[in-house]
Amino acid sequence: MALAFKKRNRSAFTNFLRSKYEMLTAAEKVSTLPYYISLDPSDTCQLLCPTCPTGIENESKKQKNALTTLYRSDRKKLSLELFDSVLEELADQLFLIMFYNYGEPLLNPRLHEFIAKATDRDIATEVHSNLSLPLSDQRIEQLLKRWDWPTQRID
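The opening residue of the sequence shown carries number 654 in the working numbering; numbering runs sequentially from there.
What follows is the structure in C-alpha coordinates.
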(Lines of atoms letter the chains of each structure in order from A and count residues from 1; the text may use other names and numbers.)
(Lines give C-alpha, C1' and ligand atoms only; values in the text may rest on other atoms or scores of the structure.)
Protein backbone atom coordinates (compact mmCIF):
# COMPACT_ATOMS: atom_id res chain seq x y z
CA MET A 1 0.00 0.00 0.00
CA ALA A 2 1.40 3.41 -0.93
CA LEU A 3 1.26 6.52 1.20
CA ALA A 4 -1.37 9.06 0.23
CA PHE A 5 0.05 12.54 0.61
CA LYS A 6 -2.42 15.20 1.71
CA LYS A 7 -0.39 18.40 1.27
CA ARG A 8 -2.34 21.21 -0.37
CA ASN A 9 -0.04 24.20 -0.19
CA ARG A 10 1.75 25.13 -3.39
CA SER A 11 4.96 26.06 -1.57
CA ALA A 12 5.46 22.44 -0.45
CA PHE A 13 5.31 21.20 -4.04
CA THR A 14 7.54 24.02 -5.25
CA ASN A 15 10.07 23.17 -2.52
CA PHE A 16 9.92 19.48 -3.51
CA LEU A 17 10.54 20.20 -7.20
CA ARG A 18 13.35 22.66 -6.45
CA SER A 19 14.92 20.09 -4.14
CA LYS A 20 14.88 17.46 -6.89
CA TYR A 21 16.37 19.98 -9.32
CA GLU A 22 19.15 20.85 -6.86
CA MET A 23 19.89 17.16 -6.40
CA LEU A 24 19.98 16.43 -10.16
CA THR A 25 22.24 19.41 -10.87
CA ALA A 26 24.49 18.58 -7.88
CA ALA A 27 24.01 22.09 -6.54
CA GLU A 28 26.70 23.04 -4.05
CA LYS A 29 24.46 25.59 -2.37
CA VAL A 30 20.87 24.51 -1.76
CA SER A 31 17.97 26.79 -1.00
CA THR A 32 15.31 24.21 -0.25
CA LEU A 33 14.08 22.69 3.00
CA PRO A 34 13.68 18.94 3.55
CA TYR A 35 10.43 17.47 2.24
CA TYR A 36 10.73 14.40 4.45
CA ILE A 37 12.60 13.66 7.68
CA SER A 38 13.39 10.75 9.94
CA LEU A 39 12.89 11.37 13.66
CA ASP A 40 13.66 8.75 16.28
CA PRO A 41 10.97 8.99 18.99
CA SER A 42 13.15 6.88 21.26
CA ASP A 43 16.77 6.07 20.64
CA THR A 44 16.59 3.30 23.21
CA CYS A 45 15.64 -0.29 22.47
CA GLN A 46 14.96 -3.38 24.53
CA LEU A 47 16.58 -5.82 22.08
CA LEU A 48 20.17 -6.97 21.62
CA CYS A 49 20.33 -7.22 17.82
CA PRO A 50 23.94 -8.00 16.83
CA THR A 51 24.02 -5.76 13.73
CA CYS A 52 22.41 -2.67 15.27
CA PRO A 53 24.46 0.00 17.06
CA THR A 54 21.82 0.21 19.80
CA GLY A 55 21.71 -3.57 20.21
CA ILE A 56 25.50 -3.77 20.37
CA GLU A 57 25.50 -1.10 23.08
CA ASN A 58 22.76 -2.96 24.97
CA GLU A 59 24.79 -6.17 24.80
CA SER A 60 27.95 -4.45 26.07
CA LYS A 61 26.01 -2.97 29.01
CA LYS A 62 24.52 -6.38 29.77
CA GLN A 63 27.97 -7.97 29.85
CA LYS A 64 29.36 -5.01 31.85
CA ASN A 65 32.39 -5.01 29.59
CA ALA A 66 34.11 -1.63 29.95
CA LEU A 67 36.43 -2.42 27.03
CA THR A 68 33.53 -2.63 24.56
CA THR A 69 33.15 0.55 22.56
CA LEU A 70 29.81 2.23 23.14
CA TYR A 71 27.94 3.81 20.25
CA ARG A 72 26.45 6.50 22.52
CA SER A 73 26.21 6.81 26.24
CA ASP A 74 23.29 9.25 26.56
CA ARG A 75 20.10 7.77 25.17
CA LYS A 76 16.87 9.77 25.30
CA LYS A 77 13.29 10.04 24.11
CA LEU A 78 12.07 12.76 21.77
CA SER A 79 10.30 15.47 23.75
CA LEU A 80 7.06 17.12 22.69
CA GLU A 81 8.77 20.52 22.89
CA LEU A 82 11.52 19.50 20.45
CA PHE A 83 8.99 17.91 18.11
CA ASP A 84 6.87 21.08 18.19
CA SER A 85 9.90 23.22 17.30
CA VAL A 86 10.72 20.92 14.35
CA LEU A 87 7.12 21.23 13.16
CA GLU A 88 7.20 25.00 13.61
CA GLU A 89 10.19 25.22 11.30
CA LEU A 90 9.43 22.55 8.69
CA ALA A 91 5.76 21.53 8.73
CA ASP A 92 4.69 23.62 5.74
CA GLN A 93 7.23 21.82 3.51
CA LEU A 94 7.08 18.27 4.93
CA PHE A 95 5.23 15.51 3.15
CA LEU A 96 6.43 12.68 5.41
CA ILE A 97 7.87 12.06 8.87
CA MET A 98 9.39 8.63 9.42
CA PHE A 99 9.34 7.85 13.13
CA TYR A 100 12.21 5.37 13.41
CA ASN A 101 15.96 4.89 13.24
CA TYR A 102 18.05 2.90 15.73
CA GLY A 103 15.52 2.91 18.56
CA GLU A 104 12.12 1.38 19.27
CA PRO A 105 9.48 4.09 18.58
CA LEU A 106 6.87 2.44 20.80
CA LEU A 107 9.03 3.08 23.87
CA ASN A 108 8.08 6.77 23.65
CA PRO A 109 4.71 7.17 25.41
CA ARG A 110 4.00 10.33 23.36
CA LEU A 111 4.30 8.71 19.93
CA HIS A 112 0.54 8.98 19.38
CA GLU A 113 0.76 12.74 20.03
CA PHE A 114 3.51 13.11 17.41
CA ILE A 115 1.38 11.23 14.88
CA ALA A 116 -1.68 13.38 15.66
CA LYS A 117 0.24 16.66 15.37
CA ALA A 118 1.79 15.62 12.05
CA THR A 119 -1.57 14.47 10.69
CA ASP A 120 -3.12 17.80 11.69
CA ARG A 121 -0.50 19.50 9.49
CA ASP A 122 -1.20 17.22 6.49
CA ILE A 123 2.05 15.30 6.99
CA ALA A 124 2.02 11.55 6.34
CA THR A 125 3.67 9.42 9.02
CA GLU A 126 5.47 6.10 9.02
CA VAL A 127 6.47 4.02 12.04
CA HIS A 128 8.69 0.93 12.00
CA SER A 129 8.69 -1.21 15.13
CA ASN A 130 10.06 -4.57 16.17
CA LEU A 131 6.62 -5.17 17.78
CA SER A 132 8.15 -7.08 20.67
CA LEU A 133 6.50 -4.95 23.36
CA PRO A 134 3.19 -5.83 24.96
CA LEU A 135 0.60 -3.30 23.81
CA SER A 136 -2.73 -2.75 25.50
CA ASP A 137 -5.87 -2.23 23.45
CA GLN A 138 -5.89 1.36 24.71
CA ARG A 139 -2.33 1.98 23.45
CA ILE A 140 -3.13 0.45 20.06
CA GLU A 141 -6.24 2.64 19.81
CA GLN A 142 -4.18 5.74 20.71
CA LEU A 143 -1.67 4.98 17.97
CA LEU A 144 -4.19 4.18 15.25
CA LYS A 145 -6.90 6.72 16.06
CA ARG A 146 -5.34 9.64 14.19
CA TRP A 147 -3.36 7.69 11.62
CA ASP A 148 -4.20 8.83 8.14
CA TRP A 149 -5.00 5.57 6.40
CA PRO A 150 -5.10 5.64 2.59
CA THR A 151 -8.65 5.57 1.33
CA GLN A 152 -7.84 3.41 -1.64
CA ARG A 153 -5.17 0.94 -2.59
CA ILE A 154 -2.60 2.32 -5.00
CA ASP A 155 -0.58 -0.28 -6.90
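Ideal Cβ positions, reconstructed from N, Cα and C, are used throughout, including at glycine.
Spell out the partners DSSP gives leucine 733 in its beta bridges. Residue pairing by DSSP leaves leucine 733 without any beta bridge partner.
Measure the alpha-carbon distance for glutamate 794 versus histidine 765 and round it to whole angstroms. Here the C-alpha atom of glutamate 794 lies approximately 9 Å from the C-alpha atom of histidine 765.
If you compare alpha carbons, which of Leu797, Leu760, Ile768, Leu740 is closest to serine 695? Distance from the Cα of serine 695 is smallest, within the candidate group Leu797, Leu760, Ile768, Leu740, for Leu760.
Between the alpha carbons of phenylalanine 658 and alanine 771, how many angstroms are there, rounded? One C-alpha to the other measures close to 12 Å.
Can you give me the start and stop residues for the alpha helix (DSSP H) that alanine 665 sits inside? First-last of the alpha helix (DSSP H) with alanine 665: 663-677.
Taking the beta carbon of serine 691 as the centre, do at least 16 other beta carbons fall within 10 Å, making it buried, or is it exposed? Here serine 691 is exposed: its Cβ has fewer than 16 other Cβ atoms, across all protein chains shown, within 10 Å.
Cα-Cα separation, proline 706 to cysteine 698: About 10 Å.
Write down the C-beta distance between phenylalanine 767 and phenylalanine 748 rounded to the nearest angstrom, noting that I regard them as a contact closer than 8 Å. 16 Å between Cβ atoms; not a contact.
Quick one: what's got a C-beta closer than 6 Å to alanine 665's C-beta in the same chain, skipping five residues either side? Within the same chain, Cβ atoms closer than 6 Å to the Cβ of alanine 665 are found at Gln746, the five residues on either side in sequence being excluded.
Which one or two residues does DSSP pair with isoleucine 750 in a beta bridge? In the DSSP secondary-structure assignment, isoleucine 750 is bridged to Ile690, Thr778.
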